[in-house]
Every structure is written in structure tokens, then in C-alpha cells.
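Remarks on the structure that follows.
Set out below in C-alpha cells:
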């Protein structure tokens, strides 16, 4: 048995919502029998982005806002890996917004978890893109990732969970990873993860969350219906949670499958010169 | 030189001429001068053919082909005293001594109904003026247009005959020039960008992400054709931030990964390059330099990113900068860049410039005999199984740690842009910080003997030194030959590794010469500054010959620079 990097103790405050995600990711990996060697956890910058340090897993700690681009690079280079990107709302919805939108469009089979606490915790409580008006002098309306995600016509998996409900969270993360494994494309899960120090919203969110799966008209294959349901609930002061979208089509639409099919891809293909000699010679001979 | 409005087909005429000369065993160098717009605006191209290798634009133009009056105005200054102007007299009359007007657009339009084939008619007229072999002239049209399908081939053949006929019927045109055959056979016509794409493929490169930007875009376009059949992946990213981070992800995963860009994109990638250096992830970044800063002049030539690259980023970190001079060198150095990046687990920058990237030249066929793929301390699953422990940033004598990509059974690792210990755990321990900084920075010292060597040209003992890099080598070598023919000996040092500065090669060179002219395309003498910074004891020996008008050096300008500075 080769000794690898051992997990370190979390840097999070006691009671942080991120512990919920940590436990759920661990549980999902066990339930789905994903080995530490085959799982890559790409972390962003911020409290939540340090999650990969606290698990026996391949950790890739990315630049602020760039975890999705790095995660996409990992998966397209080696589709055999299970790739989970995890970061915060500042990382994903502010500095990383360009990559966030394009991740749905690219539709690479990776899971992206945003631990949304509606504040910049690590830098001590500034307003984030999801902060409500009035929080720390914020005057800009909050951004809603679920509505944005639903607006992009790609065969993705879209869900929101709440750290106050770890059981549902684990089930949804497991479903998301299975969705990736089947090569069906990008899975996005926003977790409502309270910051107990700068924005302790456990009580408030417990009152406001509503499970959309129990609502009349719920149909996660129908974007239009789900957009309307979510918007109506938000206008009524509720926070919708549950699986918001799951593409009807079960064929492997993930970008890595489209590009490579069942071929091994950049990392696992043989790059030794002798293995490709005829192809190279043909390519070079074709020049004039 | 061929000039006209964008869309007149000036580049097609130069392409046809280049193909003809190559078939005759001549060395060819073709440059282009276009605007950053799809159609319209002045565009010109130049073609040079010679019996000896020549990688520069000729200063005195023998024949100017003009599709409009502006092309005459712009080309006139570069015309040799004996130079002839062949122009399309459909819309204007050129007021020049040696003007020959043919109404190409009218003639072609009358027969084919479309004046757009006027460029091929001009090629036909030129073939008469230059005494081309008619069969070879025609075979060039066949090579270029046969595969197009439709009636493109037939119409171009007709246009060719129209051009030939009118030139043959005009007195004093046929055989005014003659072009001797050369001995350079089995050469290809290629560009630096194509050479980089091919070098990447044969060097085991399998992952490319980029964002369109002149003058680097063709690298991505070639790879979109070359890589997918070889299990490679090419992605056009949403921006340069995504491109650099995608290749970081792929490099971490164990693929040989590269991006290509130009100044504005490079600036955006800077943070990622630093990240790759501290996280020790191998990546190759191609920077094809253009005129900066900001949008600058996107289609024009400059070498002004060097100072930025040598001092790139926040914090101190290692990087290697390689600069090829021509397509053959670009092919070889791309393979070297991939090997160096993976052997030393750091970012390698392949520095091109617009002229090298986009000008078309004859080159020897790229061969595989010298291609070696060296993955450094890459661990196989079998080697991993024999380990007791796997530390991704293990401290070693030369700074190189063994690497096993994610997915290797039985192990995992922490790879991070935070300062870290040998296990990849975040660390703020001062002693560890000291060790890790030295581990990374001293790679540049340990790697020294593997870095591509400088090249010397000229007789040993010459006291006038010339130093340059990139495509500037072409005009420098021409200036050197020209000076030698006048009895002035010079020694030219072509730098191929720009950073770390190979002082062990350049210091002896500077000791041998009395003075060294650093020839480069920027305002501040960036390479001369870098040399002075590394070897201050040679401060006063170094002089600069600079050009920053967007055009590449012509040999006489370098000779004049030496004259002025002397």
C-alpha cells in the first residue's frame, strides 16, 4: 500500500454549511464505489474551495474563478476520471461567471457544486453576487443561478440543495454523478450553505426553502414549466430546492463522448512515436 | 510585390508565384501585409525567389503588380531602378516610367462574366514577363484549383490564358526577365504556424485549447484538422482565461497540452502561467507577437512581448522561453518545448512573431528522425506499485519530482497553487517556503544543458557581432552576406533560448567581438535590456538596431543601422 497525501482538518468554522457537502461527497463516493485514485476534486478559491484538502482524493486547487475551465480540461483529457468541481458563489458567479455560463453550453460530464452562502466569507463578509439587497450595503439585485441555468438550452442536470437537509443532498449528488458517469453531460448543484460567521441563514432558509418536486406541474424535463415554477416561488418569497432539470434524452450527450466516443482520449492514448508512425508519415507527406 | 484592395486576390497571385518558383527548385519567401478587416482596404504581398536560402523580404522590388492606384503609390518607394509595374488598366493609368497596363478585369469579365478572375490573368501575364515555362505555369493552376470542384479550375485556366495572350501580344513583355532554375528540390511551402501545429502533433501533444487571435489563429485551425484522428482534443474556449486553465487541467491530468495566442491573450493568460509554475503543471504557451499594446496593430509584425514574458506575472517563478527562427526551427523547438515542460514540470513559452507565424517559405520536409519524446520522471502504474509513499512535490537534487497522473491506481495527490509542502498540503512554514522556492527556481539552472543552443553564423574572429532571434534571423543573415561581399566580416549569434538567458553561450561570444548589435522589433530594445541585466559587464558593447513600424526588417536597414551606430 503506497502512502498518499492524508486529508487535513477542515479550516471551516464549526457549523459551516460546507461540512454538509463534504459529508455528502464522501458518502456519494462510497456509495458509488469511486476510488480515491479515480476521483478528481477541483477546488476554487474561498472557504468552500479548500474542500479537496479534507478528503482522500486527487485534489486540484485551481485559480480563483477558473475551477470550471480546469475541471473541463481534466475531463476532456481523461474521460475515465470522475471530476467534481466545488467552489463558492463569489468564485462561480462573480469572477468565474463567464466559465459558469459556458459550462452548460460545453456540456462536459462533470459535476459542479456551488456552496452558496451569499457572502464572501474568507475575506470577511463582503456582499457577493447572490447577496440580497441591503446586505452589507448591497444595492444590486441578487443573481439566481438556477434561473440562469434553466435558460441555456443544453441537456444538463440542474439542482439546488440545502445543507440543512443532508439526506436529500446526498441523494441528489449521487444522481448527478451517475448522470456524469453515463456521459449525459454537465451537472450543476447549488447548495445553500450558510456562513455561520458572516451570514447565518440556517433559520431563515429553513423557513423559506420549498421542495419543487412536490409542487403541482413539476416536470424536470420541461424547462419552461420549471422556470415558471421557480420564478413564482421566488416571487412568493420562497427558495426552490430539488432537481430542476434532468434532460429527457438519456443518450450520452456529454462533450467528451461527442469528441471521443469510446476512444481513450489524450491521456490514455499511446503517444510514443512508433505507435503513430504511419499516421505521422502520411500527414507530413501530404504537405506541399 | 502584388498590391490591391482586400478581396482583389493579391494573396492568390503571390501563392501561385510561390508554387511556381518552388517547382523550379528555388527557395521562396513570401510575406503578406493585410489589414484587420475581411474585405477592402489596401493589401499587398511579396514573393521572393532565389537560388540560395533567403528568409527575408527583398528591399528592391523587381516587379510590382498593382490592381489599383494606391498599390502603385505604396509600392513605388520599394521599387528597384529597373523595376517594372504591371497594373490593371481597367480603372486607372499608372504614372510610372516602366509601367505596363493590361485591362485584366475587363478582359476577364468579358469572357467569364466575372472580373474576380483578374488575379489569375495577372499571374498569366507575369508568367510571360518572367519567362516562365508554360506547362509548369499551368500545372500550378491545376494544383491550386483542381480540388476546389465546380468550374473554378476551368475558369482559372481560361483567365490564365487571357493573361498570357494579352502579354504575348504586347511588345516588349515576353522574356523581359528570366528566372533561372534552382537545386532546392523536394521542399515544401509552409509557415511557422503550420510547423508549430505539426511539431505539437508528432511531439505527442494531444490537448489544445485556444481563442481566435491574429496572428496565432492558424495553429488552432491546423490542429482542429490534425488532432482528432489521433485521439486528441482541440477546443475553442470562451476566452484566453479558459484556454490557459483548460490546458492546465489537461496538463495536470497527464496530457501534453498547449495553447496559442498573441499579446492581448497572453496578458490574460499571465495568471495561469504563474499557477502552472507553482503547481508544477507542464504546459506550452505559444505567443505569436504582434504590434502592441492593447489591440495595437493586429496584423502587423513586432517582437515586443519579450520583456513581459521574461518578467511575467506576480511572484517569482521559473519559465523557459524558446524562440525559433523559421518553420524548420519552429517544428523542432515545439517538440523541445513539450519535452522541457514535462521533464521540468513548468511552463514553456514558444515565442513566435507575426512574420514567422504567417509568412510562407520553402522548408525541408519535416522529418521524424530527430523527434524524441521524453516524459521525464513520469511514473508508470508498475513503478507506483513499488513505491512506499507518493509525494507529488518531493524534494530532489534537481528540483524534479516524479509524477503520476490522477487515475493511477492506489495513489492520489494534492496539486495546488497555494504554497505547499512535499505532499501538496498548504503550508506557511518559512523553512518550507524557502525550500520550495529554491526547488522551483533552480530548475532553470539544472535544465541549462538541455536548453536549445544558440547558433553562430559568420567567420570566427570577426569583431562586429550581431544578435537576434525569431524571424529577424532572415534579414540579419542577408545583411551579413551583403556585408561580407563588401569585405566586412560579422559574427551573428542567433538566440533560440531567450530565457533563462544562456550566459554560458552569450558571454564568450560578447568577449570575442568588439561590439554587438542587437537587432529586434520593438522600441525599448527589450532583448538588449535582458542581456545587459544578465551580463552587466558587457553593457557598453551592446548596441541596438530597432524597428517598430509594423514591418519586418529589410537587410539594408540593418546595414544602415550598423553604419549609423559605428
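Protein chains in written order, with our numbering: chain P, 1 to 288; chain F, 1001 to 1566. Quick reminder that beta carbons are idealized off the backbone N, C-alpha and C, glycines included.
Item	Value
Please go through the stretch 129-209 of chain P and give each complete beta strand (DSSP E) segment of 3 or more residues, from N-terminal end onward.	157-162, 187-192
Can you check whether the C-beta of residue 1224 of chain F is within less than 8 Å of a C-beta belonging to chain P?	no
Can you tell me whether residue 1118 of chain F is buried or exposed? The criterion is at least 16 other CB atoms within 10 Å of its CB, across all chains shown.	buried
Report the partner residues of residue 1544 of chain F according to the DSSP bridge assignment.	F:1518
With DSSP collapsed to three states, give me the class of residue 1162 of chain F.	helix
Which residue comes first and which comes last in the alpha helix (DSSP H) that contains residue 1298 of chain F?	No alpha helix (DSSP H) holds residue 1298 of chain F; the beta strand (DSSP E) holding it covers 1297-1301.
Look up residue 1201 of chain F in the DSSP assignment and say whether it is helix, strand or coil.	helix
For residue 15 of chain P, tell me which candidate among P:108, P:201, P:93 has the shortest Cα-Cα distance.	P:201
Where does residue 1060 of chain F land, buried or exposed, given buried means 16+ other C-beta within 10 angstroms?	exposed
Buried or exposed for residue 1183 of chain F, going by 16 or more other Cβ atoms inside 10 Å?	exposed
I want to see whether chain P comes within less than 8 Å of residue 1207 of chain F, judged by CB atoms only; does it?	yes
How big is the Cα-Cα spacing for residue 1423 of chain F and residue 21 of chain P?	24 Å
I'd like to know whether the C-beta atoms of residue 45 of chain P and residue 63 of chain P end up nearer to each other than 8 Å.	yes
Is the beta carbon of residue 1011 of chain F within less than 7 Å of some heavy atom of the ligand MG?	Annotation note on the ligand MG: not contained in the displayed structure, which lists no ligands.
Please state whether DSSP places residue 1438 of chain F in a helix, a strand or coil.	helix
Give the DSSP bridge partners of residue 1043 of chain F, in chain order.	F:1004
Roughly how far, in whole angstroms, is the beta-carbon of residue 183 of chain P from the beta-carbon of residue 272 of chain P, given that I think they are within contact range, below 8 Å?	No, residue 183 of chain P and residue 272 of chain P are not in contact; Cβ-Cβ is about 28 Å, not under 8 Å.
State the DSSP-derived secondary structure class of residue 274 of chain P, mapped to helix, strand or coil.	helix
Quick check: residue 2 of chain P and residue 1280 of chain F, are their CB atoms within less than 8 Å of each other?	no
Identify the contact partners of residue 1389 of chain F in chain P, using a Cβ-Cβ distance below 7 Å as the criterion.	2, 3
Kindly indicate which three-state DSSP category residue 116 of chain P falls into: helix, strand or coil?	strand
Using C-beta distances below 6 Å, list every residue in its chain close to residue 1046 of chain F, excluding the 5 sequence neighbours before and after it, in chain order.	1001, 1031, 1057
Under the assumption that residue 1490 of chain F contacts residue 1483 of chain F (Cβ atoms under 8 Å), give the Cβ distance between them as a whole number of angstroms.	6 Å
Report yes or no: do three or more beta-carbon pairs, one from the stretch 1006-1016 of chain F and one from the stretch 1240-1250 of chain F, lie closer than 8 Å?	no
Name the residue from F:1393, F:1252, F:1366 whose alpha carbon lies nearest to the alpha carbon of residue 72 of chain P.	F:1252
Would you say residue 1316 of chain F reaches chain P, if we count a Cβ-Cβ gap shorter than 8 Å as a contact?	no
Could you name each continuous alpha helix (DSSP H) segment of 4 residues or more that falls completely within the stretch 1435-1481 of chain F, going from the start of the chain to the end?	1443-1446
Is the Cβ of residue 1553 of chain F closer than 8 Å to any Cβ of chain P?	no
Report the partner residues of residue 1064 of chain F according to the DSSP bridge assignment.	F:1085
For residue 1191 of chain F, which three-state DSSP category applies?	coil
Please list, in chain order, all residues of the same chain as residue 1298 of chain F whose beta carbon is under 7 Å from its beta carbon, the five residues on each side excluded.	1036, 1214, 1290
Buried or exposed for residue 206 of chain P, please, with buried defined as at least 16 other CB atoms from any protein chain shown within 10 angstroms of its CB.	exposed
Name the one or two DSSP bridge partners that residue 1287 of chain F has.	F:1261, F:1351
Less than 8 Å separating the beta-carbons of residue 1209 of chain F and residue 1170 of chain F?	no
DSSP beta-bridge partners for residue 1415 of chain F?	P:60
With DSSP collapsed to three states, give me the class of residue 259 of chain P.	helix
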